[in-house]
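The numbers in the numbering used here rise by one with no breaks, and the one at position 200 of the sequence shown is 833.
Ideal Cβ placement from N, Cα and C applies to all residues, glycine included.
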Amino acid sequence: MSLEIKVPPVGESITEVVLSRWVKNDGEFVEMDEIIAELESDKATFELTAEQSGTLKIVASEGDTLEIGAVVCSIEAGEGAPKAEPKAESEKPQADASNSAPVAESKESKDSYASGTPSPSAAKILAEKGVDAGAVKGSGVDGRITKEDAQKAEKATSPKAEAPKATAAPVVAGARNERREKMSPLRKTVAKRLVAVKNETAMLTTFNEVNMKPIMDLRAKYKDQFKEKHGVGLGFMSFFTKAVCEAAKDFPAVNARIDGEEIVFNDFVDVSIAVSAPKGLVVPIIRNADSMSLAQIEKTVIELATKARDSKLTIEEMTGGTFTITNGGVFGSMMSTPIINAPQSAILGMHNIIERPIA
């Protein structure tokens with residue numbers, strides 16, 4: 634019985650996904666609940682699993698954009714299972730051959746096995762240098778290739794390895810190459826949202842300098858104890874996050890959002906942290922950051938950043954947020970004009986720390 638595997642609903646606002654990668658090949662036997670492909674939406678990456686055991690028949694190709702409910706592949710129940718039997722049968726002749734081979738070759742093996750055979754250390758050296766063991770004369774017992782033989786062979790064969798360098802194709806002066814890449818759903822969505830925010834909001838950017846010396850001194854004083862007690866380093870992001878939480882109490886408008894003709898004020902602070910991931914910018918959320926300690930914030934930041942770089946963030950981990958922090962300082966940026974993460978009201982951009990005289 635053939636079962637069609639379709640794109641499952643992955644979120645209320647998601648209408649289509651991109652088939653980013655096939656984990657299994659066409660015609661391969663898969664087990665029930667085994668991961669067969671990865672789907673990518675404008676918010677996260679999802680795993681597609683087999684709904685029954687059988688032979689996989691691919692319908693969609695990598696890079697295809699699929700609507701929710703579209704057929705991705707089909708699984709033919711039971712057809713792939715017998716493929717495992719010939720392997721067991723094919724092993725029997727090998728076993729028989731292994732039993733009979735020594736009878737015919739026993740005389741030769743006593744005289745020729747060691748001859749031309751490298752020792753483990755010699756084999757490693759030859760493999761690293763790309764030298765064929767057959768081209769090396771062994772000086773060990775019964776002609777075995779020793780480590781010294783391999784080291785000498787490296788010197789003897791080095792002129793051959795250098796020969797291709799002289800024939801390398803010259804670089805054409807003034808060559809102007811270009812390549813095209815299809816934008817991922819995440820990149821397209823980020824671009825659309827940022828342009829929409831620029832066009833639909835009256836943003837104001839202010840620049841303020843902060844004396845970081847007290848924070849740096851505090852961090853230097855306690856970072857070793859902090860690491861030993863909590864098992865995580867004491868960074869600057871936890872200080873930035875706590876400062877935002879305290880500011881939100883004094884200025885609740887920056888922690889609010891506009892919903893139609895109403896302003897919604899939040900009595901909690903969910904801080905969104907902008908993270909540069911391989912597939913684009915993502916903004917996971919530290920829930921209830923106002924009730925967290927510095928250690929809890931540091932652990933959460935590391936966990937979310939790791940998931941972001943591994944494309945393992947869930948929709949829930951990126952939905953919501955009442956205020957955003959973006960740290961351009963990690964790229965050496967002196968200042969920037971970060972764009973508000975709608976429907977939030979404000980965003981804080983942190984930049985590089987420079988040692989210089991201040992008034």
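Open item on the list: Rounding to the nearest angstrom, what Cα-Cα distance links Met-849 and Lys-862 in this structure?
Closed with: Mapped onto the sequence shown, residue 849 falls at position 216. Mapped onto the sequence shown, residue 862 falls at position 229. Near 19 Å, if we compare the C-alpha coordinates of Lys-862 and Met-849.
TODO: Could you tell me which residues DSSP pairs with Met-816 in its beta bridges?
DONE: Here residue 816 corresponds to residue number 183 of the sequence shown, with the count starting at 1. Paired residue(s): none; Met-816 is not in a bridge.
Open item on the list: Given this structure, state the Cα-to-Cα distance separating Ala-910 from Asp-943, to the nearest angstrom.
Closed with: Within the sequence shown, residue 910 is the residue found at index 277, counting from 1. Within the sequence shown, residue 943 is the residue found at index 310, counting from 1. If you take the alpha carbons of Ala-910 and Asp-943, they lie about 8 Å apart.
TODO: Give me whichever residues DSSP pairs with Phe-679 in a beta bridge.
DONE: Within the sequence shown, the letter at position 46 stands for residue 679. DSSP, once it has assigned bridges, lists Leu-672 as partnering Phe-679.
TODO: Could you tell me the distance, in whole angstroms, from the CA atom of Val-650 to the CA atom of Ile-668?
DONE: The sequence position of residue 650 within the sequence shown is 17, counting from 1. The sequence position of residue 668 within the sequence shown is 35, counting from 1. Rounded to whole angstroms, Val-650 to Ile-668 spans 17 Å at the Cα level.
Open item on the list: I need the DSSP call for Ala-910, collapsed to helix, strand or coil.
Closed with: Against the sequence shown, residue 910 aligns to sequence position 277. Strand, per DSSP.
Task: Integer Cβ distance of Val-934 from Ile-906, believed to fall under 8 Å - done: In the sequence shown, the residue the question calls residue 934 occupies position 301. In the sequence shown, the residue the question calls residue 906 occupies position 273. About 6 Å; that satisfies the 8 Å criterion.
Task: Sheet register partners of Asp-892 (DSSP bridge) - done: Position 259 of the sequence shown, counted from the first residue, corresponds to residue 892. According to DSSP, residue pairing for Asp-892 in a beta bridge involves Glu-895.
Task: Residues sharing a beta bridge with Glu-709, DSSP - done: By 1-based counting over the sequence shown, the position of residue 709 is 76. Paired residues: Ser-635 and Thr-688.
Task: Burial state of Asn-658, where buried means 16 or more other Cβ atoms lie within 10 Å - done: Your numbering for residue 658 matches position 25 in the sequence shown. By the 10 Å Cβ count, Asn-658 comes out exposed.
Open item on the list: Taking the beta carbon of Pro-818 as the centre, do at least 16 other beta carbons fall within 10 Å, making it buried, or is it exposed?
Closed with: Numbered from its first residue, the sequence shown carries residue 818 at position 185. Label assigned to Pro-818: buried.
Open item on the list: Give me the residue from Arg-890, His-984 and Leu-827 with the minimum Cα distance to Val-843.
Closed with: Position 210 of the sequence shown, counted from the start, is the residue given in the question as residue 843. It is His-984.
TODO: Return helix, strand or coil for Gly-767, following the three-state DSSP convention.
DONE: Position 134 of the sequence shown, counting from 1, holds the residue named residue 767. Here DSSP, grouped into helix, strand and coil, assigns Gly-767 to helix.
Open item on the list: Between which residues of its own chain and Gly-644 is the CB-CB distance below 8 Å, once the five residues before and five after are set aside?
Closed with: If you number the sequence shown from 1, residue 644 lands on position 11. Here Gly-644 has Ser-674, Lys-676 and Ile-948 as same chain residues with Cβ atoms under 8 Å from its own Cβ, once five neighbours each way along the sequence are excluded.
- [ ] Say whether the stretch 926-940 touches the stretch 882-901, bearing in mind that this needs 3 or more beta-carbon pairs closer than 8 Å, one atom from each stretch.
- [x] no
Open item on the list: I need the straight-line Cα distance from Gln-977 to Gly-954, nearest angstrom please.
Closed with: For the purposes of this step, residue 977 is identified with residue 344 of the sequence shown, where counting begins at 1. For the purposes of this step, residue 954 is identified with residue 321 of the sequence shown, where counting begins at 1. Going from the Cα of Gln-977 to the Cα of Gly-954 covers about 8 Å.
Task: Asp-883 burial status per 10 Å Cβ neighbour count (16 or more: buried) - done: Against the sequence shown, residue 883 aligns to sequence position 250. Label assigned to Asp-883: exposed.
Task: Closest Cα partner of Met-845 within the set Ile-986, Asn-810, Ile-973 and Ala-938 - done: Here the question's residue 845 lines up with position 212 in the sequence shown. The option with the nearest alpha carbon to Met-845 is Ile-986.
TODO: Identify whether Val-915 lies in helix, strand or coil by the three-state DSSP scheme.
DONE: Reading the sequence shown from its first residue, position 282 is the one you call residue 915. Note: Val-915 maps to strand in three-state DSSP.
Task: Residue interval of the alpha helix (DSSP H) (run including Ile-930) - done: Within the sequence shown, the letter at position 297 stands for residue 930. Under the DSSP assignment, Ile-930 falls in the alpha helix (DSSP H) whose first and last residues are 927-942.
Task: Among Lys-945, Val-908, Phe-869 and Ile-918, the one whose alpha carbon lies nearest that of Leu-927 - done: Mapped onto the sequence shown, residue 927 falls at position 294. Taking only the C-alpha atoms, the option nearest Leu-927 is Phe-869.
Open item on the list: In whole angstroms, give me the CA-to-CA distance for Lys-690 and Leu-699.
Closed with: As a working mapping, residue 690 is identified with position 57 in the sequence shown. As a working mapping, residue 699 is identified with position 66 in the sequence shown. Each residue's alpha carbon lies about 17 Å from the other.
Task: Ala-938 versus Ile-708: straight-line alpha-carbon distance, rounded - done: Your numbering for residue 938 matches position 305 in the sequence shown. Your numbering for residue 708 matches position 75 in the sequence shown. Rounded to whole angstroms, Ala-938 to Ile-708 spans 36 Å at the Cα level.
Open item on the list: In the DSSP output, which residue or residues are listed as bridge partners for Thr-605?
Closed with: Limits of the chain in this structure are 634 at one end and 992 at the other, which puts residue 605 out of reach.
- [ ] Give a yes or no on whether the C-beta atoms belonging to Glu-671 and Val-692 are separated by under 9 Å.
- [x] The sequence position of residue 671 within the sequence shown is 38, counting from 1. The sequence position of residue 692 within the sequence shown is 59, counting from 1. It is not a contact, given that the beta carbons lie outside the stated cut-off.
Open item on the list: Quick check on this structure: which residue in Asp-903, Lys-821, Val-915 and Val-916 has the alpha carbon closest to the alpha carbon of Met-925?
Closed with: Within the sequence shown, numbered from 1, the residue matching residue 925 stands at position 292. Looking at the Cα atoms, Asp-903 is the closest of the given residues.
Task: Three-state class that DSSP yields for Thr-952 in the structure shown - done: Counting from one through the sequence shown, the residue named residue 952 turns up at place 319. Looking at Thr-952 - three-state DSSP - the assignment turns out to be coil, as it is neither helix nor strand.
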